[in-house]
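In what follows, a single structure is set out as structure tokens and then discussed.
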Amino acid sequence: PASAAHIYGKPRVHLEAFTSFHHWAEGPQDLKASADRVFTEGGNHFVWHTWTHQAPDYGLPGLVYGAGTHLSRSVTWWPKAKPFLDYLSRGSFLLQRGQFVADVLYYYGDGGMNFVGPRRMPSGLGAGYDYDVTNAEVILRRLSVRDGRLTTLEGVSYAVLALPDREDIHPPVLEKIEALVRAGATVVGRRPTRATGLEGFPASDTRVREIAARLWGDLDGTARTSRRHGAGRVFSGVPERAVLAELGVKPDFTAPATLDFIHRRDGADEIYFVRNRTAAAVSATVTLRDGGRRGAVELWDPMSGAIRAARGPRPTAAGTEVPLELAAQGSVFVVLRAAGTSGAASVAEAARSSGGTRPPPPPLALDDGWTVEFASAFEVPGKLTLAKVGPWTRESAPELRYFAGSGKYRRTVTMPEGWRAAAGRVELELGRLWSIGEVWVNGVALGVVWAPPFRVDCTAALREGENEIVVEVTGTWHNRLVGEARGALPKRTRTNITVSQRKPWKDLEPLESGLFGPVRLVAQ
């Protein structure tokens with residue numbers, strides 16, 4: 046879908062999103078990695094599967110379609126869903142800006158059953174570049190050559206056209222390719238020897254061989270691998286990556302294999318979306334091909350909407366080096382401003398970075414002394430006192446192990462003398478939680494946390510002396526359905542899941558739910 050949008054000049058790429066069969070088990074943090082992969086593959090508009098109509102008398106968790114990650118007012122985490130939906134909206138907005146940037150356009154041939162699979166870097170291209178796939182119509186009617194690059198009517202451009210590894214090709218397509226090469230395009234691929242199909246046969250085969258002789262000449266793919274034709278070049282037997290190197294086209298994105306990217310150009314600004322593929326935090330320096338732009342470098346956080354200047358970007362011959370710190374499955378937009386611009390975030394970031402050099406006080410560990418109060422549409426367990434913070438599902442009582450709803454973790458902390466005054470900016474780090482949480486300090490709402498890193502800025506809410514910290518964590522319906530299927534919960538109240546529908550949950554295990562920790566206050 047993304048390639049189709051790019052080659053036909055459509056800015057919005059609709060995709061059916063989050064279709065699964067994990068009924069009522071998933072929360073927003075389970076969906077982030079999938080959303081980020083969609084972003085890097087070119088998707089930029091999520092069509093959720095599914096929001097089902099819920100009449101008041103349908104019961105809970107309600108009626109749903111046979112597949113999909115369910116989204117409706119009947120989902121336990123619906124009241125806290127806005128920050129996740131905002132995340133999808135911010136990413137979609139930026140990735141609809143400008144035009145996609147890629148270096149190779151793959152022609153998939155003239156057969157009648159052609160399919161384009163998920164984005165995977167072809168072996169001849171490798172990491173650091175991006176690509177699109179095209180059909181015959183776009184080559185025939187929508188491509189021209191500008192400054193040596195194959196360019197669509199809307200201005201999306203590619204350095205190289207790669208042909209399929211086939212001996213046949215449609216004669217009109219080959220004629221257009223010859224015209225593009227004469228105008229300055231670069232083509233890589235094997236020499237075709239016959240026409241696709243029987244239209245005009247056998248003259249069609251003769252026509253293909255005549256054009257191929259002019260384009261490929263004496264190339265054999267081993268001893269002779271490249272030649273000029275008009276203002277352009279033809280390569281054979283050479284990987285696309287080597288062709289790009291020969292043309293002086295540097296990798297667009299150089300980074301550890303744990304990171305993935307997509308690049309769009311919006312006027313004079315370069316927009317890179319970078320994601321961490323792994324479940325571990327990553328600290329790395331990436332190199333972004335900047336096309337000679339040496340303006341401000343900004344980091345746009347799609348989770349919070351915050352924009353700040355990148356710290357320590359460095360121009361090099363390969364592009365701009367940018368240090369990045371990404372949480373587990375974290376992501377960020379890196380925006381390279383045009384040369385001569387200071388960027389909206391630069392002044393504010395400079396102000397934040399100009400403080401004193403006095404070291405902050407040590408973190409305060411807050412793992413002990415928590416209580417948990419529960420709320421649910423069904424039976425509510427009594428107040429829980431924890432010697433050490435942890436999921437409520439570790440308790441043996443069935444009403445906790447199979448609980449579906451929210452648990453409000455609460456404790457107080459007394460600041461050591463002088464700690465608050467010396468701390469400056471303070472973050473509350475929650476470690477890990479499942480599925481989604483909301484934080485208050487001294488009654489001040491500090492927002493929803495739905496994906497790593499589970500932390501909030503609590504600077505303005507903290508005070509000297511005693512402080513109350515509240516973290517409300519909401520699970521999903523999954524554990525309740527498992528408990529009912531096993532007959533482990535009272536029969537006086539039930540979900541609307543029928544006996545026959547309960548069977549699949551009987552063999553499943555409950556998901557650990559609650560606040561896992563470690564919890565601490567960290568001065569910056």
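Quick note: the sequence shown uses our numbering, first residue 46, plus one each step.
Glycine residues also receive a C-beta, built at the ideal position from the N, C-alpha and C atoms.
* **Three-pair Cβ contact test at 8 Å for the stretch 528-540 versus the stretch 425-432** => no
Element boundaries [beta strand (DSSP E), containing Thr95] = Taking the sequence shown and counting its residues from 1, the one referred to as residue 95 is at position 50. From DSSP, Thr95 is part of no beta strand (DSSP E); its letter is neither H nor E.
* Tell me, please, which residues DSSP counts as bridged to Pro436. => Position 391 of the sequence shown, counted from the first residue, corresponds to residue 436. Answer is Gly559, bridged to Pro436.
- contact_flag[the stretch 480-496, the stretch 81-89] where n(CB pairs < 8 Å) is 3 or more: no
Three Cβ pairs or more, each shorter than 8 Å: is that satisfied between the stretch 139-154 and the stretch 114-126? no
For Ser480 versus Asp81, is the C-beta spacing smaller than 8 Å? Here residue 480 refers to the residue found at position 435 of the sequence shown. Here residue 81 refers to the residue found at position 36 of the sequence shown. Contact: no.
*Beta-carbon separation of Leu304 and Val279 under 8 Å?*
The count along the sequence shown starts at 1 and reaches residue 304 at position 259. The count along the sequence shown starts at 1 and reaches residue 279 at position 234. It is not a contact, given that the beta carbons lie outside the stated cut-off.
request  = List the whole-angstrom C-beta distance separating Ala240 from Asp250, where the pair is believed to meet the contact cut-off of C-beta under 8 Å.
outcome  = Within the sequence shown, residue 240 is the residue found at index 195, counting from 1. Within the sequence shown, residue 250 is the residue found at index 205, counting from 1. Ala240 to Asp250, Cβ: 5 Å. Contact.
inquiry  = Give the list of continuous alpha helix (DSSP H) stretches no shorter than 4 residues that lie fully inside the stretch 155-241.
reply    = 181-186, 216-227
Q. Among the residues of its own chain, which have a CB less than 7 Å from the CB of Arg339, if the five just before and after it don't count?
A. Against the sequence shown, residue 339 aligns to sequence position 294. Contacts found: Pro360, Ala384.
Q) What's the gap between the Cα of Glu71 and the Cα of Glu370? A) In the sequence shown, counting from the first residue as 1, residue 71 sits at position 26. In the sequence shown, counting from the first residue as 1, residue 370 sits at position 325. Taking the straight line joining both Cα atoms gives about 27 Å.
Practice prompt. Just list the beta strand (DSSP E) runs in the stretch 261-330, keeping only unbroken ones of 3 residues or longer that don't cross its boundaries, in chain order.
Written response: 271-274, 277-280, 304-311, 314-321
| message | Looking at the secondary structure, which residues open and close the alpha helix (DSSP H) in which Trp136 lies? | response | In the sequence shown, counting from the first residue as 1, residue 136 sits at position 91. The sequence shown places Gly at residue 136, not Trp. Note, Gly136: alpha helix (DSSP H), 127-140.
- Who does Leu409 pair with in a DSSP beta bridge? The count along the sequence shown starts at 1 and reaches residue 409 at position 364. Answer is Leu566.
Express the C-alpha separation of Ala355 and Ser398 in angstroms, rounding to a whole number. Counting from 1 along the sequence shown, the entry for residue 398 is found at position 353. Counting from 1 along the sequence shown, the entry for residue 355 is found at position 310. In this prediction, Ser398 has a pLDDT of 44, which is less than 50 and means its spatial position is unreliable; nothing more can be read from the coordinates.
Discussion item. For the alpha helix (DSSP H) containing Arg446, name the first residue and the last one.
Written reply: The residue given as residue 446 occupies position 401 in the sequence shown. Arg446 -> alpha helix (DSSP H) spans 443-446.
| task | Just confirm the distance between the C-beta atoms of His51 and Val201, as a whole number of angstroms; I'd bet it's less than 8 Å. | result | Here the question's residue 51 lines up with position 6 in the sequence shown. Here the question's residue 201 lines up with position 156 in the sequence shown. Their Cβ separation, rounded to whole angstroms, is 5 Å, which keeps His51 and Val201 in contact under 8 Å.
_Three CB pairs or more closer than 8 Å across the stretch 454-465 and the stretch 407-416_ = yes
(Q) Looking at Leu333: is its Cβ nearer than 8 Å to the Cβ of Leu264? (A) For the purposes of this step, residue 333 is taken as the residue at position 288 of the sequence shown. For the purposes of this step, residue 264 is taken as the residue at position 219 of the sequence shown. Contact flag unset, no.
inquiry  = DSSP three-state label for His51, please.
reply    = Within the sequence shown, numbered from 1, the residue matching residue 51 stands at position 6. Three-state DSSP puts His51 in a helix.
- Query: Going by the CB atoms, is the gap between Leu478 and Phe561 shorter than 8 Å?
  - Reply: In the sequence shown, residue 561 corresponds to position 516, counting from 1. In the sequence shown, residue 478 corresponds to position 433, counting from 1. Cβ atoms of Phe561 and Leu478: closer than 8 Å.
Do Thr26 and Gly476 have their C-beta atoms closer together than 8 Å?
-> Here the chain comprises residues numbered 46 to 569, so residue 26 is not present and cannot be evaluated.
- Name the two residues that bound the continuous beta strand (DSSP E) containing Trp415. For the purposes of this step, residue 415 is taken as residue 370 along the sequence shown, with counting starting at 1. Taken as a continuous stretch (DSSP letters only), the beta strand (DSSP E) holding Trp415 covers 415-420.
Just to confirm, is the Cβ distance from Gly173 to Asp311 under 8 Å? Here residue 173 refers to the residue found at position 128 of the sequence shown. Here residue 311 refers to the residue found at position 266 of the sequence shown. No; because the gap between Cβ atoms is not below 8 Å, this pair is not in contact.
Next on the checklist: Looking at the secondary structure, which residues open and close the beta strand (DSSP E) in which Glu86 lies?
Outcome noted: The residue you call residue 86 lines up with position 41 of the sequence shown. Segment: none, Glu86 is in no beta strand (DSSP E) and carries neither H nor E.
According to the neighbour-count rule (16 or more other Cβ atoms, all chains shown, within 10 Å of its Cβ), is Ala47 buried or exposed? Against the sequence shown, residue 47 aligns to sequence position 2. So Ala47 counts as buried.
For Glu576, the residue or residues it bridges with in DSSP:
This structure cannot speak to residue 576, because the chain is shown only from 46 to 569.
Quick one: what's Ala354 bridged to in DSSP?
Within the sequence shown, numbered from 1, the residue matching residue 354 stands at position 309. Glu343.
(request) Could you name the residues that DSSP lists as bridge partners for Ser451? (result) One-based indexing of the sequence shown puts residue 451 at position 406. Answer is Ala420, Thr519, bridged to Ser451.
Practice item. Taking only the alpha-carbon atoms, compute the straight-line gap between Asp175 and Thr196 and give it to the nearest angstrom. Key: Here residue 175 corresponds to residue number 130 of the sequence shown, with the count starting at 1. Here residue 196 corresponds to residue number 151 of the sequence shown, with the count starting at 1. If you take the alpha carbons of Asp175 and Thr196, they lie about 15 Å apart.
Review point. For His59, is the classification buried or exposed, using 16 other Cβ atoms within 10 angstroms of its Cβ as the cut-off for buried?
Key: Position 14 of the sequence shown holds residue 59. So His59 counts as exposed.
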